[in-house]
Structures are given as C-alpha cells and as structure tokens.
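Trainee: Have a look at the structure that comes next, please.
Protein chains in written order, with our numbering: chain A, 66 to 371; chain B, 956 to 1136.
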C-alpha cells in the first residue's frame, strides 16, 4: 500500500493539469481548418489557374485568413497576461513551437490575404493602393499559391506539434499528432468546401474528402499503435485514451461519427447509391472538433510524466 | 566577472518532520497569493501495518539544467540567469502556460495577476548573501542550498555516504533537488 499526502494546492495544476479549457481546442480546430482551406484552395489554383472562378475555391481563399483570425481571438482569450501578447514578437525561441507559430503568422497573413485579394479583385474597386498591389502581384498568383500550400501545411502541422513537444503530458508526446491534426484539418476544409460548392462540384469534393478521411484514419491508427506499443507513462496514456474516461467520446464521436460513417456515406454518394446530404460534411466537422477537445482534455487529465 | 555559480538544494529526508515551515516561510517571503504555493511537503507512507515506512519530502521547482519550461517558453520569459537556477521574467511572460504543460514536476502555476510563477530559490535573497526563506525557516536544518561549483568538501560532509535520490531522472532534465534518504 502507498499513501501520499501532499499540501500542494495550486489550482489548474493539481490534482491534474487543467490549464487549457475550451479556447485552445477551438483554436487548434480553427487553425487546422484555416490551414486546410489554404492548402486546398492554393493547391487547386496551382493545379488549374481557372479554379479561381470556382465558388468553393473562392470562398476558401477568403475564409482561410478570416477563420484563422477567429482562432487567434480564442488564443488571445486563453492568454493569462493578455496585454503582453506582443511579447511573442520580441523574441524568436528556436526550441519553442509556439514561437514558430507566432512568427509563421507573419508570413501567413500577407500571402493568404494577397491571394484572397487577387481572387476577389472585381469587388475591390474602392481603394487605389490595393488595386495597384493586386496589379503587381496578380501575375505571380501561382508563386503565391506555392508559398500558401506550404504555409497552410505548416499551420496545420503546428496545431499538433504545439501539443506533441510536451513530453510531460504523455498522451500528447507523439510526433504523429502533427500529421493527424494536419490531415484532420484538410479533411475538415474539404467538408466545408463540399458544403459551399456548386452542385456540379459535389462529386469532386466528395472524392477529395473521402481520400483525406481515409488518410486521417491511417494517421489515427498510427497514433494509437505508437502509444499502445510504447512503454511506461506513454503506453498508459494511450490506454487511458482508448479505454478510459474519454474512450466513449473518442470511439463514438471521433472514430465512428467523424471518420467511419462519413467515409461510408461519401463512398455511397460517389457510387450514386444514396443522395448527397449536408449532414455528411457536418459529421466530419463535428468529428474534427471533437478530436481536438478529446486530445486536449484527455492529455491534461492523464497523470504527469512518470 | 563574478565566479560562476550552480545552485542546488540538498534535502535531508531523515531530518524533515513535515512541519511545513518552509511552505509558510516561502509564502510570506515571496507574497505567494492565497491558495497557491511555490513549495510543498509530500508525505509518502508505504507498506502494510505494522511494517510501514514513511518518507517526508519538501519539494519545489527543480531548477533543471535542461529545463523543458525554458525550451518551450515562446518569449524567453523563462530563462537561465547563469547561477544554475531557472527564473521567470514577469515582463516577458504572456501567460500562455506552455511552461506549465512542459514541466514534468508540475512545479509552476499561474499567478492571479497572469504570469507564470514558481520557486526562485529566493534569488533576491541570494543576491544579498542571504539564504532562501525556506532554508532559514527550517527548524531541523533539513534544507541546504549548495553551490555545486564550490569546494566539494561541504557537499561530501553533507552527503556523508548516504544515498541521493533525484526525481524523474529519466526525464532527462538534470534536476537539482537532491533528497538524502
């Protein structure tokens, strides 16, 4: 028998870590979605320049910086010393993912906004300076798109790496998490574009989303296998996720409703066995959102590295 | 330039009676807000009655040589001042809590004002040639702050052949709290 008595009090640290509430999972979701929208829209522009006429691509270029800004708002809400937020830009700490993320935003905004401005240039006729900038940058749209695909990937991966460098929280300490969150972000973006797009494009986006959900399923499997076959706290943390307090949420909400059911329905839709329903992309979005909440909460509530 | 220092703390678990004087001394010296603590006492009882053994440990920030809080701090607020300790610059801290998530010892907390806070080894006292408040207040002389760069005879006298226990050495953080058991 072991009995431990401690007079440690600190709230949000004891009895288990509880420092990040709804803001961080929401930010991770919105960040992943913004990254995914940027990857898909820029990728499609790269693939076919005429894509800038496509409704879903147009909306995606615009939504990406808007959604990331909403995400940033939640990030700001999470900071305990909000008036010091600018301190992120007085240092670059090579070993801190959060510092990388903060600086990455400085590349994200000019490039993603520029792309959106070029795509929506017909609506911007009220400010000569912007028109002039568009005129200069428009011939380089493809190059901007190349940069954007990489920035989008960087933002998507970052949302996972942010958690995975904390080995003190054994559940998060998996490098697969970066790819899982990236793929989940792109698949959510595809789901959003599936909702927005014209009925003629539904088939294309259904196929894209199917492919991405399937890849995400592989990443989720690797994440689980990596944890279960690990040792000590890392093994126990993964077992806790898949069979502990959060197990029902993880299996039902993320795996079943977020991956298996949408993949199944989308396959049937592509095969013309069932009619398209906006419920399917909605399930993908719910699954992706719940993934962030489950991972953040389960990672915090499991014991500290031992 | 002043001689390089490397502070560490030796804690004699056989002398410790678990009175928590270190905790109260710290709270009063560092104006630690109510409901929070920078150091604490853990009492661990093992075995089955009547064969019981008890270990009482005064704990605080480990002032790791390879501190994950410093590695993960995005603004450089958590830093090594060069005396072997780990400190927090309140003016740089955004309260992002990355350091709290990174610490395998759960030694940090968020001060109600908004910055990350933890044991400083009473750096302000050390600068004046004084000992940390917890060391001064300990009635059984359990706590000893030692400069590892100093003449090792003090350390040898202190250890006196006894076993030194460090917490979570496999985390690779090179902690600097040494418990003598």
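Virtual Cβ for every residue (Gly too), placed ideally from N, Cα, C.
Here the structure is a predicted model, which means the values were calculated and not measured.
Just reading off the beta strand (DSSP E) that residue 1007/B is part of, what are its end residues?
Mentor: Numbered from its first residue, the second chain carries residue 1007/B at position 52. In this chain, the beta strand (DSSP E) harbouring residue 1007/B covers 1006-1015.
Trainee: Where does residue 80/A land, buried or exposed, given buried means 16+ other C-beta within 10 angstroms?
Mentor: For this step, residue 80/A is matched to residue 15 along the first chain. Exposed is the call here.
Trainee: Using a Cβ-Cβ distance cut-off of 8 Å, determine whether residue 1077/B contacts chain A.
Mentor: Residue 1077/B sits at position 122 when you count from the first residue of the second chain. Taking Cβ atoms only, chain A never reaches closer than 8 Å to residue 1077/B, which makes this a no.
Trainee: In three-state DSSP terms, what is residue 1060/B?
Mentor: Counted from its first residue, the second chain places residue 1060/B at position 105. It is coil, neither helix nor strand.
Trainee: Can you tell me which of the three DSSP states residue 965/B falls into?
Mentor: Residue 965/B sits at position 10 when you count from the first residue of the second chain. The answer is strand: DSSP assigns residue 965/B an E or B state.
Trainee: Can you tell me which residues form a DSSP beta bridge with residue 1072/B?
Mentor: Indexing the second chain from 1 puts residue 1072/B at position 117. Bridge partners of residue 1072/B: 1064/B.
Trainee: Less than 8 Å between C-beta atoms, sequence neighbours within five positions excluded: which residues of the same chain meet that for residue 108/A?
Mentor: The sequence position of residue 108/A within the first chain is 43, counting from 1. The answer, listed in chain order, is 210 and 214.
Trainee: For residue 95/A, tell me which candidate among 199/A, 130/A, 304/A and 318/A has the shortest Cα-Cα distance.
Mentor: Mapped onto the first chain, residue 95/A falls at position 30. Among 199/A, 130/A, 304/A and 318/A, the Cα nearest to that of residue 95/A is on 130/A.
Trainee: Going by DSSP, what residue range makes up the alpha helix (DSSP H) through residue 1003/B?
Mentor: Taking the second chain and counting its residues from 1, one reaches residue 1003/B at position 48. Looking at the DSSP string, residue 1003/B is not in any alpha helix (DSSP H); the run it does join, the beta strand (DSSP E), is 994-1003.
Trainee: Tell me where the beta strand (DSSP E) around residue 941/B begins and ends.
Mentor: Examination of residue 941/B is not possible in this model, given that chain B is present from 956 through 1136 alone.
Trainee: Got a sec: is the Cβ-Cβ distance from residue 258/A to anything in chain B below 8 Å?
Mentor: By 1-based counting over the first chain, the position of residue 258/A is 193. It does not: the Cβ of residue 258/A has no partner Cβ on chain B nearer than 8 Å.
Trainee: Below 8 Å on the Cβ atoms is my contact criterion, and I expect residue 299/A with residue 241/A to pass it. Report the Cβ-Cβ distance as a whole number of Å.
Mentor: Position 234 of the first chain, counting from 1, holds the residue named residue 299/A. Position 176 of the first chain, counting from 1, holds the residue named residue 241/A. In fact, because the Cβ distance is near 12 Å, the residues do not count as touching under 8 Å.
Trainee: Could you tell me how far apart the beta carbons of residue 238/A and residue 311/A are, in whole angstroms, since I believe they sit closer than 8 Å?
Mentor: Numbered from 1 along the first chain, position 173 holds the residue referred to as residue 238/A. Numbered from 1 along the first chain, position 246 holds the residue referred to as residue 311/A. Actually they are not in contact, since the Cβ atoms of residue 238/A and residue 311/A sit about 17 Å apart, beyond 8 Å.
Trainee: For the candidate residues 1067/B, 1013/B and 1048/B, whose alpha-carbon lies nearest to that of residue 991/B?
Mentor: In the second chain, residue 991/B corresponds to position 36, counting from 1. Nearest of 1067/B, 1013/B and 1048/B to residue 991/B, Cα basis: 1067/B.
Trainee: Relative to the alpha-carbon of residue 1057/B, which residue among 1029/B, 1082/B, 1036/B and 1081/B has its alpha-carbon at the smallest distance?
Mentor: One-based indexing of the second chain puts residue 1057/B at position 102. Nearest of 1029/B, 1082/B, 1036/B and 1081/B to residue 1057/B, Cα basis: 1029/B.
Trainee: Expressed to the nearest angstrom, what Euclidean distance is found between the alpha-carbon atoms of residue 297/A and residue 988/B?
Mentor: As a working mapping, residue 297/A is identified with position 232 in the first chain. As a working mapping, residue 988/B is identified with position 33 in the second chain. Residue 297/A and residue 988/B: Cα-Cα distance of roughly 36 Å.
Trainee: Only counting the same chain, and skipping five residues up and downstream in sequence, which positions put a Cβ closer than 6 Å to that of residue 998/B?
Mentor: Counting from 1 along the second chain, the entry for residue 998/B is found at position 43. If we look at residue 998/B and ignore the five residues flanking it on each side, its Cβ neighbours are 973 and 1011.
Trainee: The alpha helix (DSSP H) spanning residue 237/A covers which residue range?
Mentor: Against the first chain, residue 237/A aligns to sequence position 172. Here residue 237/A belongs to no alpha helix (DSSP H), and DSSP marks it neither H nor E.
Trainee: Out of 1050/B, 1017/B, 1041/B and 1034/B, point me to the one whose CA is closest to residue 149/A's CA.
Mentor: In the first chain, the residue the question calls residue 149/A occupies position 84. Ranking 1050/B, 1017/B, 1041/B and 1034/B by Cα distance to residue 149/A puts 1050/B first.
Trainee: Which chain B residues are close to residue 68/A, counting only those with a beta carbon under 7 Å from its beta carbon?
Mentor: In the first chain, residue 68/A corresponds to position 3, counting from 1. The answer, in chain order, is 1000.
Trainee: Give the C-beta separation of residue 352/A and residue 322/A to the nearest angstrom, bearing in mind that I take them to be a contact with Cβ-Cβ under 8 Å.
Mentor: Counting from one through the first chain, the residue named residue 352/A turns up at place 287. Counting from one through the first chain, the residue named residue 322/A turns up at place 257. So it is a contact: roughly 6 Å between Cβ atoms.
Trainee: Verify the CB distance criterion: does residue 1059/B have a CB-CB separation below 8 Å to chain A?
Mentor: As a first step, residue 1059/B must be located in the second chain, where it is residue number 104. Taking Cβ atoms only, chain A reaches closer than 8 Å to residue 1059/B, which makes this a yes.
Trainee: Indicate whether the contact test is met: 3 or more Cβ pairs, each with one atom in the stretch 82-101 of chain A and one in the stretch 133-143 of chain A, closer than 8 Å.
Mentor: yes
Trainee: What are the start and end residues of the beta strand (DSSP E) that includes residue 1103/B?
Mentor: Here the question's residue 1103/B lines up with position 148 in the second chain. Unbroken run through residue 1103/B: none, as it is neither H nor E.
Trainee: Once you ignore the five residues that flank residue 277/A on each side, which residues in its own chain have a CB closer than 7 Å to its CB?
Mentor: Position 212 of the first chain, counted from the first residue, corresponds to residue 277/A. Contacts found: 248, 251, 252 and 255.
Trainee: Let me know the secondary structure DSSP gives residue 1119/B once reduced to three states.
Mentor: Taking the first residue of the second chain as 1, we reach residue 1119/B at position 164. Residue 1119/B falls in the strand class under three-state DSSP.
Trainee: Residue 365/A bridges to which residues according to DSSP?
Mentor: What you label residue 365/A is simply residue 300 of the first chain in a count that begins at 1. The partner list for residue 365/A (beta bridge, DSSP) is empty, contrary to what the question assumes.
Trainee: Which residues does DSSP pair with residue 1098/B in a beta bridge?
Mentor: As a first step, residue 1098/B is located in the second chain; it is residue number 143 there, counting from the start. Answer by DSSP bridge pairing, in chain order: 966/B.
Trainee: By the criterion of Cβ-Cβ separation under 9 Å, what are the contact partners of residue 1023/B in chain A?
Mentor: Translated into positions along the second chain, residue 1023/B becomes position 68. Going along chain A in sequence order, the residues near residue 1023/B (Cβ under 9 Å) are 230, 231, 232 and 233.
Trainee: Have a look at the DSSP bridge pairing and note the partners of residue 1033/B.
Mentor: Residue numbering aside, residue 1033/B sits at position 78 when the second chain is read from its first letter. Residue 1033/B is bridged to 1043/B.
Trainee: Determine contact between the stretch 109-117 of chain A and the stretch 219-236 of chain A, defined as no fewer than three beta-carbon pairs at a distance below 8 Å.
Mentor: no
Trainee: Taking the C-alpha atoms as reference points, what is the distance between residue 126/A and residue 69/A?
Mentor: Taking the first chain and counting its residues from 1, the one referred to as residue 126/A is at position 61. Taking the first chain and counting its residues from 1, the one referred to as residue 69/A is at position 4. Residue 126/A and residue 69/A: Cα-Cα distance of roughly 55 Å.
Trainee: Quick one: grab the DSSP three-state call for residue 185/A.
Mentor: Mapped onto the first chain, residue 185/A falls at position 120. Coil at residue 185/A, not helix or strand.
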